[in-house]
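Visitor: From first to last, the protein sequence lines are chains A and B.
For the first sequence, the positions run 1135 to 1715 when my numbering is used.
For the second sequence, the positions run 1135 to 1715 when my numbering is used.
Sharing a structure, written as structure tokens. Questions coming.
Protein chains: 2
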Amino acid sequence: MNTQEQLTRYVANFVDELSKSGLTDVVISPGSRSTPLAMMFAEHPQIKEWIVLDERSAAFFGLGLAKQTKRPVALLCSSGTAVANYFPAVVEAHQSRVPLIVLTADRPHELRDVGAPQAIDQIKLFGDYVKNFHEMALPEGTVEMLNYVRTRAARSVSEALSGNPGPIHLNFPFREPLTPDLNLENIWGEPLREPYHIWHEGKKRLPEDFLNYFAEKLSIARRGLIVCGPQVDEELAEGITMLAETLGVPVLADPLSQIRTGSHSTKNIIEGYDAILRNEVIRASIKPDYILRFGAMPVSKAYLFYLKENQDVTQYVIEPHAGFREPVGNPTEFIQADPVLFCSDLLEVSPTLLSEENDWLTKWKSYNDIAKSHLTKTSDNTLTEGEAVKQLVDVIPHNSSLYVGNSMAVRDVDTFLMTSSKKLTILANRGANGIDGMVSSGVGAAASGQPVTLLLGDLSFFHDMNGLLAAKQYKLNITILVVNNNGGGIFSFLPQAANEKHFEALFGTPLNIDFKKAVEMYDGNYHQPKTIHELKKALQLSYGELGLSVVEVKTDRTENLIWHRGLWRDIEEDILKLVEQ
Amino acid sequence: MNTQEQLTRYVANFVDELSKSGLTDVVISPGSRSTPLAMMFAEHPQIKEWIVLDERSAAFFGLGLAKQTKRPVALLCSSGTAVANYFPAVVEAHQSRVPLIVLTADRPHELRDVGAPQAIDQIKLFGDYVKNFHEMALPEGTVEMLNYVRTRAARSVSEALSGNPGPIHLNFPFREPLTPDLNLENIWGEPLREPYHIWHEGKKRLPEDFLNYFAEKLSIARRGLIVCGPQVDEELAEGITMLAETLGVPVLADPLSQIRTGSHSTKNIIEGYDAILRNEVIRASIKPDYILRFGAMPVSKAYLFYLKENQDVTQYVIEPHAGFREPVGNPTEFIQADPVLFCSDLLEVSPTLLSEENDWLTKWKSYNDIAKSHLTKTSDNTLTEGEAVKQLVDVIPHNSSLYVGNSMAVRDVDTFLMTSSKKLTILANRGANGIDGMVSSGVGAAASGQPVTLLLGDLSFFHDMNGLLAAKQYKLNITILVVNNNGGGIFSFLPQAANEKHFEALFGTPLNIDFKKAVEMYDGNYHQPKTIHELKKALQLSYGELGLSVVEVKTDRTENLIWHRGLWRDIEEDILKLVEQ
């Protein structure tokens, strides 16, 4: 077997086994050293390749696609700083548990650390941010080595998915010549070959005696609270809401919990808890006996204050695998079990918990009704940031995804996304909460074919405008709602805002740029509604348009601050009247 | 001392000592956790702060400024993926020996690895790519701790600069509240205080007996060759060219050697060596007795072939400090000495080496004359890529900087930059040769106040369009010449180009976007010349314009390939006639 055939068979067996293990998509950034893998991916009939030039965007595109599909996505780039550009998305994938297979091409060993062009040390480049790193062997064509690459491909997909999902990094040294021979016979090995390895992963389940003890414990406590933070399992909604109704307890549901909207019962869901919990007196009036939390810690800062004031309350945190997500520092009982099975198992052993309405639940519901009456109030057609989000969640299509930016966007969705039967998948990059890579994440989610709306602020939109290129090139259908307050709106809510001398330069950071030109550059449809009515129309129009549609709403940071604070004060005042009774 | 005063004094002493140690510029990306340092930098009278939103661009902006000024530049960002966005520029700074002080704000220890928002593991995040990492203590106000931060500030500047320069990473844990008290008395400590520490760094110098022995050795060999690859010391030109003239040997000078142009004598400089060395027969006709190389390995691939074919030739590589830059694998004698002192010391011990013209030098010069006669030939006004670069180096102002992009740009400058008395600083990111961060690097260099021209291709321009924001916001004067061949032009020169099925999608990667819109978005002047004459006029005009000026030349990848290959063939044929004589 000559060198080219060895290279070809080595790489072909690897790519084919990725496919056999369930990989369907690869995001490729152009480069020379990665040629063997790039050409083999392009040749493989079952893998779809997406070419994304900017590696930072490419990695977030893969992240968004993997978040949307819950399937691993492969990334491929050449050697050098290309690899380093993947880092932000790799960090986010690690923090938010998203399966990625990061494939980086490298110079062979004799060209490393000797001043060769585009050669950097890629060994363990992502440090502890990947679940596994493996330096691949140089291509060889023996049966042993073809089995080795098939094993590594299969293992990597399994490792990315098992337990808490996350990124895997494989580094491939390649020698020149780099071009594989695509005319080789039987390039993919035996066509009907079974996957080389198969994994069957069990789920953690608690023993019946613990479940009985635990159900008993919850039934004695009168004022329980179920909290559901960010999580992606859409099957969990049914279990949590049934459990809450059986226990007769409210559910504080984060917008990223996937349980605010959908066909399940939402009657115990308290969407307004962020507004409710902003006041200390109100918080004191609803002290719980226990908290049972699913998912990560919620976005709401008010909830964190509430938690801090209730350090003596038993907190149970359910984690499907390992993981310590308790930033407040309260003592916690961690329950390691599959959350869906935990709910159904618990319901099974305790069919007759408190099922009726009770004072505790009623109180939460009455507070929530007050909050909702303010939050859903129809406006005078003035297009504030909050109104923009309200309109969006109103007109966004059933069975679609909403990808939410960090900073103000996710907080406004927390405030204004009310329960409904609309089926929505709410995605966000809440692992590290960066404002980077959002456009690519949204566009990557849209690459799944699912209708996607991306909501984000102007700084976040600016940060990853390069992400629009993929939307243009692949004619992906996506609506992007940019709430443009010309700078960092969230900082106005922080104490830094009091410093008049440096605030605007260091934190306000207005961009003063016309995004319409960027949208035109990427052949997108552009709308700039000025009123609530126009916004609604623009959004509805955008869902009928092909390709990229950007709806820009221009707002004012100071007005936004006043509007939000006014709303929260009104809610506070009305609830306080109830507390004082 | 209350907590706020402790925070304030801790951070103020740190910032002040950076300034006392010579730091003049900091690039700040907005964030909340970094507030104490950001506000203190803004307050410090001697430090200029540059606010750059996109952290990837910010780091390259700092890199470009540091490359231009040869002074360390500080970077400051908040916690989370912001830090990871610095990675590409940190890698480049490490590889190309540029001093950066990377300051990252972090959550305090109790908020790490517990699911707190925007908290990622920042300890040693850049791995071996920084010269030193230090996790800072939490702010305290004792005399000991204020001395500690002054020491760390001073050390970091010294460490970034000493030996081979490079990046230093300091990670600062900060607790809320984050706002310092800018009204404290005596905030910077004693105003006339001396720097806390001072370093005096010596230079490596070889003993006289070695110099005598070495001079003797060189004088015996008849056919010596001096090679000068990428290096930044502008004082070296004088020494190298005098040494070459004394030894009677040619100098192969990389475009990034800083010796092709300037007021020194350039009569032994062979600029056309990349064209000359493309042919095997020609290479064989000019076998050297020894090679004395300064700087990194040259850009030219033809030179690498020449080197590989001369493995038996003694190669001396001069390195000012540690460093192994010999990718070809030829046996090498490494000379660790300050290059400028090495030249002057060698000249001193051997004033009467071969100083006259000799056959060897004459042969190189005659080859070079042939190459130059083709390379400088006036064209028929057709605007090819090569012509664009020829015109640029012709009209670029004396005493200015040319920042050169990777891929085709640096190769075209290698081909077309001829010796002249014009004083030019030629900068590039040749540590890792990335196409990322180029716009920011150029704009950062322009932030020094020096006139800067940036030459790059369309993919590189696209990759870092975000870098244009700083040019707009700070009204920086920069001319950017974009050679737009609508895709990855360099790949047409590689074997991959033979694959018709996948080439265009995987390697050609046309963007098909209208850069004029991007330039308008950033309030830049835009020119799109169609002829050589128009290009010359546009460039000249741009040097008179304020702020950002982008000159876009549209070319064709296939025509470019044919044009370059034709030129090289013509040179080859003419030199071969001489070889055969």
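For glycine and all other residues, C-beta sits at the position ideal for the given N, C-alpha and C.
On a predicted model such as this, the values are computed, not experimentally measured, just so you know.
1) My output table needs one value for R1427/B: the three-state DSSP class, helix, strand or coil.
2) Hey, I1404/A and P1384/A are a contact pair by Cβ (cut 8 Å); roughly how many whole angstroms apart?
3) Using the Cβ count rule (16 or more neighbours within 10 Å means buried), how would you classify W1333/A?
4) Taking 8 Å as the threshold (C-beta atoms), are L1615/B and L1526/B in contact?
5) Thinking C-alpha only, which one of P1311/A, E1310/A, R1309/A and A1294/A is nearest H1303/A?
6) Quick check on H1636/A - is its C-beta less than 8 Å from some C-beta in chain B?
7) When you compare only the Cα positions, how much space is there between A1604/B and L1441/B?
8) By the 8 Å beta-carbon criterion, what residues does the region 1574-1603 of chain B contribute toward chain A?
9) Any beta carbon of chain A sitting closer than 8 Å to that of D1570/B?
10) Establish whether the CB of R1545/A and some CB of chain B are separated by less than 8 Å.
11) Would you say L1645/A reaches chain B, if we count a Cβ-Cβ gap shorter than 8 Å as a contact?
12) Q1256/A by DSSP, collapsed to three states: which one?
13) Please list, in chain order, the chain A residues whose beta carbon lies closer than 9 Å to that of E1654/B.
14) Measuring alpha carbon to alpha carbon, tell me which of I1185/B, R1394/B and L1209/B ends up nearest E1368/B.
15) If contact means a Cβ-Cβ distance below 9 Å, which residues of the region 1186-1215 of chain B contact chain A?
16) What's the C-alpha gap between D1548/A and P1432/A?
17) Using only the alpha-carbon positions, how far apart do D1657/B and D1188/A sit?
18) Give me, in chain order, the residues of the same chain whose beta-carbon lies closer than 7 Å to that of F1468/B; leave out the 5 immediate sequence neighbours on both sides.
19) With a cut-off of 8 Å on the beta carbons, I'd call L1209/A and V1236/A a contact; round off their distance for me.
20) Just to confirm the assignment, what range does the beta strand (DSSP E) spanning H1268/A have?
21) If you draw a straight line from the alpha carbon of P1190/A to that of S1168/B, how long is it in whole angstroms?
22) With a Cβ-Cβ cutoff of 8 Å, do G1539/B and L1590/B count as a contact?
23) Going by CA-CA distance only, name the one from G1568/A, E1328/A and D1592/A that's closest to P1222/A.
24) Does DSSP classify Y1330/A as helix, strand or coil?
25) Looking at C-alpha atoms only, which residue of L1386/A, V1145/A, F1627/A and E1634/A is the closest neighbour of F1306/A?
26) Quick check on the burial criterion: 16 or more other C-beta atoms within 10 angstroms. Buried or exposed for I1705/A?
27) Please check if any C-beta of chain A sits within less than 8 Å of the C-beta of D1172/B.
28) Can you tell me whether S1500/B is buried or exposed? The criterion is at least 16 other CB atoms within 10 Å of its CB, across all chains shown.
29) Cβ atoms of V1529/A and K1664/A: under 8 Å apart, would you say?
30) Please work out which residues of its chain come closer than 7 Å, Cβ to Cβ, to N1725/B, disregarding the five sequence neighbours upstream and downstream, and give them in chain order.
31) May I ask you to verify whether the region 1279-1288 of chain B touches the region 1244-1254 of chain B, counting CB pairs closer than 8 Å and requiring at least 3?
32) Taking Cβ-Cβ distances shorter than 7 Å, what residues in chain B pair up with D1262/A?
33) Take A1631/A and list the residues in its own chain whose beta-carbon comes closer than 7 Å to its own, dropping the five residues that flank it on each side.
34) What residues match up with C1477/A in a beta bridge as DSSP calls it?
35) Any beta carbon of chain A sitting closer than 8 Å to that of F1458/B?
36) From the DSSP output, which residues share a beta bridge with T1395/B?
Guide: According to the data block:
1) Start at 1 with the first residue of the second sequence, and residue 1427/B comes out as number 293. In the structure shown, R1427/B sits in a strand (DSSP, three-state: E or B).
2) Sequence index remark: in the first sequence, residue 1404/A carries index 270 (1-based). Sequence index remark: in the first sequence, residue 1384/A carries index 250 (1-based). In this structure I1404/A touches P1384/A by the C-beta definition: roughly 5 Å separates them, less than 8 Å.
3) Here residue 1333/A refers to the residue found at position 199 of the first sequence. By the neighbour-count definition (other C-beta atoms within 10 Å, threshold 16), W1333/A is an exposed residue.
4) What you label residue 1526/B is simply residue 392 of the second sequence in a count that begins at 1. What you label residue 1615/B is simply residue 481 of the second sequence in a count that begins at 1. Between L1526/B and L1615/B, the gap from beta carbon to beta carbon is short of 8 Å.
5) Taking the first sequence and counting its residues from 1, one reaches residue 1303/A at position 169. Selected option, being the one with the closest Cα: A1294/A.
6) For the purposes of this step, residue 1636/A is taken as the residue at position 502 of the first sequence. So yes, H1636/A belongs to the interface.
7) Position 470 of the second sequence, counting from 1, holds the residue named residue 1604/B. Position 307 of the second sequence, counting from 1, holds the residue named residue 1441/B. When the Cα atoms are used, A1604/B and L1441/B turn out to be separated by approximately 42 Å.
8) Interface annotation for the region 1574-1603 of chain B against chain A: L1593, F1596, H1597, M1599, N1600 and L1603, criterion Cβ-Cβ distance under 8 Å.
9) Looking up residue 1570/B in the second sequence gives position 436. Chain A, which has a Cβ nearer than 8 Å to the Cβ of D1570/B, makes this yes.
10) One-based indexing of the first sequence puts residue 1545/A at position 411. Look at R1545/A: its C-beta is not under 8 Å from any C-beta on chain B.
11) Taking the first residue of the first sequence as 1, we reach residue 1645/A at position 511. Interface flag for L1645/A against chain B is set, since a Cβ pair is found closer than 8 Å.
12) Sequence index remark: in the first sequence, residue 1256/A carries index 122 (1-based). Annotated three-state conformation of Q1256/A is coil, per DSSP.
13) Taking the second sequence and counting its residues from 1, the one referred to as residue 1654/B is at position 520. In chain order: D1648 and K1651.
14) As a position in the second sequence, residue 1368/B is number 234, starting the count at 1. Considering only alpha carbons, the answer is R1394/B.
15) The residues in question are L1187, D1188, E1189, R1190, S1213, G1214 and T1215.
16) Here residue 1548/A is taken as the residue at index 414 of the first sequence, counted from 1. Here residue 1432/A is taken as the residue at index 298 of the first sequence, counted from 1. Rounded to the nearest whole angstrom, the CA to CA distance from D1548/A to P1432/A is 10 Å.
17) On the second sequence, residue 1657/B is found 523 positions in, with the first residue counted as 1. On the first sequence, residue 1188/A is found 54 positions in, with the first residue counted as 1. Annotation: D1657/B to D1188/A spans about 24 Å, alpha carbon to alpha carbon.
18) As a first step, residue 1468/B is located in the second sequence; it is residue number 334 there, counting from the start. V1451 and E1453, listed in sequence order.
19) As a position in the first sequence, residue 1209/A is number 75, starting the count at 1. As a position in the first sequence, residue 1236/A is number 102, starting the count at 1. Yes, L1209/A and V1236/A are in contact; Cβ-Cβ is about 5 Å, under 8 Å.
20) Locating residue 1268/A in the first sequence gives position 134, where the first residue counts as 1. Bounds of the beta strand (DSSP E) holding H1268/A are N1266 to E1269.
21) Indexing the first sequence from 1 puts residue 1190/A at position 56. Indexing the second sequence from 1 puts residue 1168/B at position 34. Here residue 1190/A is Arg; the residue named in the question, Pro, does not match the sequence. Rounded to whole angstroms, R1190/A to S1168/B spans 23 Å at the Cα level.
22) Translated into the one-based positions of the second sequence, residue 1539/B becomes position 405. Translated into the one-based positions of the second sequence, residue 1590/B becomes position 456. Yes, the Cβ-Cβ distance between G1539/B and L1590/B is below 8 Å.
23) On the first sequence, position 88 is the one that residue 1222/A refers to. Nearest to P1222/A by C-alpha distance, out of G1568/A, E1328/A and D1592/A, is G1568/A.
24) Within the first sequence, residue 1330/A is the residue found at index 196, counting from 1. Of the three classes helix, strand and coil, the one that applies to Y1330/A here is coil, per DSSP.
25) Reading the first sequence from its first residue, position 172 is the one you call residue 1306/A. The residue with the shortest Cα to Cα distance from F1306/A is V1145/A.
26) As a first step, residue 1705/A must be located in the first sequence, where it is residue number 571. Per the 10 Å Cβ criterion, buried.
27) Residue mapping note: residue 1172/B aligns to position 38 of the second sequence, counting from 1. Correcting the residue type first, residue 1172/B is Ala in the shown sequence and not Asp. Interface residue, yes.
28) In the second sequence, residue 1500/B corresponds to position 366, counting from 1. Answer is exposed; the Cβ neighbour count stays below 16.
29) The residue you call residue 1664/A lines up with position 530 of the first sequence. The residue you call residue 1529/A lines up with position 395 of the first sequence. No Cβ-Cβ contact shorter than 8 Å links K1664/A with V1529/A.
30) Coverage of chain B is limited to positions 1135 through 1715, which leaves residue 1725/B absent and any answer about it impossible.
31) The region 1244-1254 of chain B and the region 1279-1288 of chain B do not touch, with fewer than three beta-carbon pairs separated by less than 8 Å.
32) Here residue 1262/A is taken as the residue at index 128 of the first sequence, counted from 1. Residues of chain B passing the Cβ test: D1255.
33) Taking the first sequence and counting its residues from 1, the one referred to as residue 1631/A is at position 497. The residues are F1625 and F1637.
34) Reading the first sequence from its first residue, position 343 is the one you call residue 1477/A. In the DSSP output, where bridge partners are listed per residue, C1477/A has none listed.
35) Taking the first residue of the second sequence as position 1, residue 1458/B is located at position 324. Closer than 8 Å: yes.
36) In the second sequence, the residue the question calls residue 1395/B occupies position 261. Paired residue(s): S1554/B.
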